[in-house]
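2 protein chains.
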Amino acid sequence: MVEKDQKLSNVEPFKTVLSGNREAIAKLSLHELERILFATLTGMSVDDFQAEVKKWLASAKDGRWKRPYTDLIYQPMLEVMQYLRSNGFRTYIVTGGGQDFVRVYSERVYGIPPEQVVGTATGTRYGYQKDGSPFLTKEPKLLLNDDNAGKPEGIHLMIGRRPYAAFGNSTGDREMLEYTGAGDGARLMMLVLHDDAQREYAYGPAQGLPETQVGTFSQEFYDEARKKNWTVLSMKNDWKLFAFDEKG
Amino acid sequence: MVEKDQKLSNVEPFKTVLSGNREAIAKLSLHELERILFATLTGMSVDDFQAEVKKWLASAKDGRWKRPYTDLIYQPMLEVMQYLRSNGFRTYIVTGGGQDFVRVYSERVYGIPPEQVVGTATGTRYGYQKDGSPFLTKEPKLLLNDDNAGKPEGIHLMIGRRPYAAFGNSTGDREMLEYTGAGDGARLMMLVLHDDAQREYAYGPAQGLPETQVGTFSQEFYDEARKKNWTVLSMKNDWKLFAFDEKG
Chain U
79 MVEKDQKLSN
89 VEPFKTVLSG
99 NREAIAKLSL
109 HELERILFAT
119 LTGMSVDDFQ
129 AEVKKWLASA
139 KDGRWKRPYT
149 DLIYQPMLEV
159 MQYLRSNGFR
169 TYIVTGGGQD
179 FVRVYSERVY
189 GIPPEQVVGT
199 ATGTRYGYQK
209 DGSPFLTKEP
219 KLLLNDDNAG
229 KPEGIHLMIG
239 RRPYAAFGNS
249 TGDREMLEYT
259 GAGDGARLMM
269 LVLHDDAQRE
279 YAYGPAQGLP
289 ETQVGTFSQE
299 FYDEARKKNW
309 TVLSMKNDWK
319 LFAFDEKG
Chain R
79 MVEKDQKLSN
89 VEPFKTVLSG
99 NREAIAKLSL
109 HELERILFAT
119 LTGMSVDDFQ
129 AEVKKWLASA
139 KDGRWKRPYT
149 DLIYQPMLEV
159 MQYLRSNGFR
169 TYIVTGGGQD
179 FVRVYSERVY
189 GIPPEQVVGT
199 ATGTRYGYQK
209 DGSPFLTKEP
219 KLLLNDDNAG
229 KPEGIHLMIG
239 RRPYAAFGNS
249 TGDREMLEYT
259 GAGDGARLMM
269 LVLHDDAQRE
279 YAYGPAQGLP
289 ETQVGTFSQE
299 FYDEARKKNW
309 TVLSMKNDWK
319 LFAFDEKG
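First to last, the sequence lines map onto chains U and R.
Numbering of the first sequence is given in the numbering used here, commencing with residue 79 and proceeding in unit increments.
Numbering of the second sequence is given in the numbering used here, commencing with residue 79 and proceeding in unit increments.
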């Protein structure tokens, strides 16, 4: 976009993103992230967006693990979903990430089809190409900010019933777990604490773990979880088989 | 609501609704219907709304057929959905009706669970009762007007992939059928024409059938369907077994 409009390179939040300074980027507010999302995706067709995501996933690699991002998933997460599905449950991903983005790889990577991904969603606009064929264009209208209170709101919008089990890993999952636990009968609420710097990362700041700007797990939230008898799993101590690289 | 605020009885569109004049009510614009929806439902909890719908469905009867509304469904519609499900398809209802309303009875009546109902949807707001338990409140914010272009937009939002088959019965289904037909490989597009005044109703105005204010099937749309080789079914001629009362 900057190639087409040089002025953008001096305007925030674009300036920060272009700097490549990951710490500064991590400090951008939701409003600033929305501005980037809307500026870069508005007017793009849904089909083009999906093609761009596929292309990016096929080439991009994580800086530390030197693997495609879709390889960097948790074996215990796959196993618990498989276990639930084998017992008649339908499994969903409820993510603060972009719904259209996650849907591109969710089936291949997690065995979860597009219709079972609830994420941050913008509107689309139906229109016609010159040859009369219809297509959908991404619009700068936020329909669902699927984090914190937006998670139960998104679950109601997209699924329409309360989960029997919910799994999270940050303070942004609090309301989803509360909502799940407020149902009648048996409900399962579990949280994963990223406390394994060697096999993955260690951050909190709960339990004295390092601070983080993304995916915060606060001490207050940790205490609430304990009080409500939600299970808090330690990646370091409770996960034996962690991920791909341990399977050889 | 009028019991609590007498002034409303002299204000449109409330005045028209309270008059009980069905013809006048049918002529209300979408904007006026939205005003009613927002005025009556805003601030109601999702649980209370569901309880109200259940209560209404259990007691209300159609004026002509003297049966609960959930009895007034089409046997061929049930059969085609059962046939598709038996062959590995997942069936959805995509309706201009209220998503939260239809979800209350869709599983019992059509065998379609809440998460497979895409309808006109308003937002909700997550909050807490005095005892700390969480609940969702209906908000006066229209997220999806699921008719006409809103149907493919809603399908993308809620399902995230293109249908293989789509069935409609009014001009409001045009865009959904176009979107379905634009997919690659084999796709099935079917429309039902309400031309059976004896067993159901007859309206169009397509094919010289009477005019209607709700669920219009225009001649232009009929001609488009023929041109695109969409199948137009006549309720009168193509449906042998029609509904409950013929099964005895």
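Don't be surprised by glycine CBs; every beta carbon is placed ideally from N, CA and C.
Buried or exposed by the 16-neighbour rule on C-beta atoms within 10 Å, applied to R/Leu235: Flag for R/Leu235 reads buried.
Answer yes or no: the CB of U/Tyr183 versus the heavy atoms of the ligand ADP, is any distance below 6 Å? You won't find the ligand ADP in this model; it holds no ligand whatsoever.
For a cutoff of 7 Å on Cβ pairs, would you count R/Tyr257 as touching chain U? For R/Tyr257, the nearest beta carbon of chain U is closer than 7 Å to its own beta carbon.
Let's see if you can read the secondary structure: which residues bound the beta strand (DSSP E) around R/Gly246? Note, R/Gly246: beta strand (DSSP E), 243-246.
Measure from the alpha carbon of U/Pro283 to the alpha carbon of each residue in U/Tyr300, U/Leu311, U/Tyr257, U/Thr118, then state which is nearest. When only C-alpha atoms are compared, the closest one is U/Tyr300.
Just to confirm the assignment, what range does the alpha helix (DSSP H) spanning U/Tyr161 have? 153-164 is the span of the alpha helix (DSSP H), which, as asked, contains U/Tyr161.
Look at R/Met267 and R/Pro230 and say whether their C-beta atoms are less than 7 Å apart. No; because the gap between Cβ atoms is not below 7 Å, this pair is not in contact.
Quick check on U/Leu135 - is its C-beta less than 7 Å from some C-beta in chain R? Chain R, which has no Cβ nearer than 7 Å to the Cβ of U/Leu135, makes this no.
CB of R/Pro212 within 7 Å of CB of U/Tyr257, strictly: Contact check for R/Pro212 against U/Tyr257 passes: the beta carbons are separated by less than 7 Å.
Can you tell me whether U/Thr118 is buried or exposed? The criterion is at least 16 other CB atoms within 10 Å of its CB, across all chains shown. Exposed.
Identify which residue in R/Met313, R/Ile237, R/Arg145 has its Cα closest to the Cα of R/Ala278. Checking the displayed sequence, the identity of residue 278 of chain R turns out to be Glu instead of Ala. In terms of CA proximity to R/Glu278, R/Met313 leads the group R/Met313, R/Ile237, R/Arg145.
Of all the beta strand (DSSP E) runs that stay within the bounds of the segment 156-232 of chain U, which reach a length of 3 or more residues? You should have 171-176, 195-206, 212-222.
contact_flag[the segment 165-176 of chain U, the segment 184-204 of chain U] where n(CB pairs < 8 Å) is 3 or more: The segment 165-176 of chain U vs the segment 184-204 of chain U: in contact.
In three-state terms, what does DSSP make of U/Val270? It is a strand residue.
Cutoff 7 Å: R/Gly263 Cβ touching any chain U Cβ: Chain U, which has no Cβ nearer than 7 Å to the Cβ of R/Gly263, makes this no.
Ignoring anything shorter than 4 residues, give me the alpha helix (DSSP H) runs that lie fully in the segment 250-295 of chain R, in order along the chain. Within the segment 250-295 of chain R, the complete alpha helix (DSSP H) segments at least 4 residues long are 252-259, listed from N- to C-terminus.
Buried/exposed call for R/Gln177, threshold 16 Cβ in 10 Å: By the neighbour-count rule (16 or more Cβ atoms within 10 Å), R/Gln177 is buried.
Measure the C-alpha to C-alpha separation of U/Gln153 and U/Thr309 and round it to an integer number of angstroms. Taking the straight line from one Cα to the other gives about 18 Å.
Against chain R: residues of the segment 223-246 of chain U by CB proximity under 7 Å: Listed by position, the residues of the segment 223-246 of chain U near chain R (Cβ gap below 7 Å) are Ala227, Pro230, Glu231, His234, Leu235, Met236, Ile237, Gly238, Arg239.
Scan the segment 267-279 of chain R for residues whose Cβ lies nearer than 7 Å to a Cβ of chain U and list them as they occur along the chain. Within the segment 267-279 of chain R, no residue qualifies.
Any C-beta of chain U under 7 Å from that of R/Ala260: A Cβ of chain U is located within less than 7 Å of the beta carbon of R/Ala260.
Taking the continuous beta strand (DSSP E) assigned at U/Ser312, which residues delimit it? For U/Ser312, the enclosing beta strand (DSSP E) covers residues 309-312.
According to DSSP, is U/Ser97 helix, strand or coil? It is helical.
R/Leu271 classed as buried or exposed, judged by whether at least 16 other C-beta atoms fall within 10 angstroms: When all chains shown are included, R/Leu271 counts as buried.
Output yes or no for whether 7 Å exceeds the beta carbon distance between R/Arg181 and U/Gly98. Not a contact, by the Cβ cut-off of 7 Å.
In or out: R/Leu96 buried (at least 16 other Cβ within 10 Å) or exposed? R/Leu96 should be labelled exposed.
Per DSSP, U/Pro146 forms a beta bridge with which residues? Bridge partners of U/Pro146 according to DSSP: U/Lys139.
What are the residues in the segment 93-124 of chain R lying within 7 Å of chain U by C-beta distance? So the list reads Val124, given in the order they occur along the chain.
Here's a check: name, in chain order, each residue in its chain whose Cβ is nearer than 7 Å to the Cβ of U/Lys318, leaving out the five neighbours to either side. Leaving aside the five residues that flank U/Lys318 on each side, none in its chain has a CB nearer than 7 Å to its CB.
Thinking just about the alpha-carbon of each residue, which of R/Thr294, R/Thr202, R/Thr169, R/Tyr204 is nearest to the one in R/Tyr188? The residue among R/Thr294, R/Thr202, R/Thr169, R/Tyr204 with its C-alpha nearest the C-alpha of R/Tyr188 is R/Thr169.
Proximity test, Cβ basis, 7 Å: U/Ser211 and chain R: Taking 7 Å as the CB threshold, U/Ser211 lines the interface with chain R.
Below 8 Å on C-beta distance, what does U/Pro192 contact in chain R? Going along chain R in sequence order, the residues near U/Pro192 (Cβ under 8 Å) are Ile237, Gly238, Arg239.
Chain-ordered residues of the segment 156-179 of chain U with a beta carbon less than 9 Å from chain R: Legend: CB atoms of the segment 156-179 of chain U lying less than 9 Å from CB atoms of chain R belong to residues Arg168, Tyr170, Gln177, Asp178.
Cβ-Cβ distance between U/Pro218 and U/Thr120 below 7 Å: Yes, Cβ-Cβ distance for U/Pro218 and U/Thr120 is below 7 Å.
List the DSSP bridge partners of U/Ser123. According to DSSP, U/Ser123 bridges with U/Thr215.
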